[in-house]
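Structure record follows, encoded as structure tokens.
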Amino acid sequence: HIAQWSTYITTTINDEYTVVDVDLTIENDNPEPAEISIWSTIVDANRKGISQMADHMVATSGTNTFKQHVYMTDPHLWSVDDPYMYTMITEIRLNEKTIDTYTTPLGIRTIEFRSDSGFYLNGEHVRINGVCNHHDLGCLGAATNERAIERQLEILKAMGCNGIRCSHNPPSPILLDLCDRMGFLVMESLDRKSVV
514 HIAQWSTYIT TTINDEYTVV DVDLTIENDN PEPAEISIWS TIVDANRKGI SQMADHMVAT
574 SGTNTFKQHV YMTDPHLWSV DDPYMYTMIT EIRLNEKTID TYTTPLGIRT IEFRSDSGFY
634 LNGEHVRING VCNHHDLGCL GAATNERAIE RQLEILKAMG CNGIRCSHNP PSPILLDLCD
694 RMGFLVMESL DRKSVV
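What follows is the structure, given as structure tokens:
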């Protein structure tokens, strides 16, 4: 099976195609190695398959790390004004049968910080209008409530906000997912492989 939160995706965009690099961890709880195939499929916002890659691997007993490269052309780029999201669907197949499926949201974009002029998103200068956002929801408390977070982000977006710095506590996965879908840049203050 694919280990929880173990898919780590980066992209490289050039003039001819975009390379989507996938690092994933597969755990084999059986004492014997298993010959598996790993299928990674990128689907667009309409759930239409855009690109697919299959690799045949041997998963030894314990934890295994694999890398894949999926290629696509002319991607719809994510931006704060057009937060277009793809989905990476990863399947593990054993003897031609799918035994595990894992989905990872994916926004394709380039980011760059220039010392003389600031932040660039997809090659265009973007001014980050950000807030330091605490994890709690005022009188609703610290428990995660998706609609309450969404409403908070809607208000911030209407004010012209496009960036959030998370404070003190790890952000809720719901907050990060909403930021992806609503067009917010996020600065997480965590030491982990999580980039939005």
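Residues 514 to 709 (this note's numbering) make up the sequence shown, in order. Glycine residues also receive a C-beta, built at the ideal position from the N, C-alpha and C atoms. What you are looking at is a predicted structure, and each value in this text was computed from that prediction instead of being measured.
Across the set G643, I612 and Q517, the C-alpha of G643 shows the shortest separation from the C-alpha of C679.
Pairwise C-beta distances place the region 627–645 out of contact with the region 611–618, as fewer than three of them are shorter than 8 Å.
Ranked by how close their Cα comes to the Cα of R606, the residues T576, R622, D568 and M585 have D568 in first place. Within the same chain, Cβ atoms closer than 7 Å to the Cβ of D693 are found at P596, M598, P618, G620 and V709, the five residues on either side in sequence being excluded. Secondary structure within the region 548–583: the beta strand (DSSP E) runs of 3 or more consecutive residues, fully enclosed, are 562–572 (chain order). Judged by DSSP in its simplified three-state form, I668 adopts helix.
Here the alpha carbon of K670 sits roughly 33 Å from the alpha carbon of S564. The alpha carbon of P546 has as its nearest neighbour, out of H514, T523 and R560, the alpha carbon of H514. Sequence-distant Cβ neighbours of K580 in its own chain, meaning closer than 6 Å and more than five residues away, are D536. Taken atom to atom, the span from the alpha-carbon of T578 to that of T603 is near 14 Å. DSSP, reduced to helix, strand and coil, places P618 within a strand of the structure shown.
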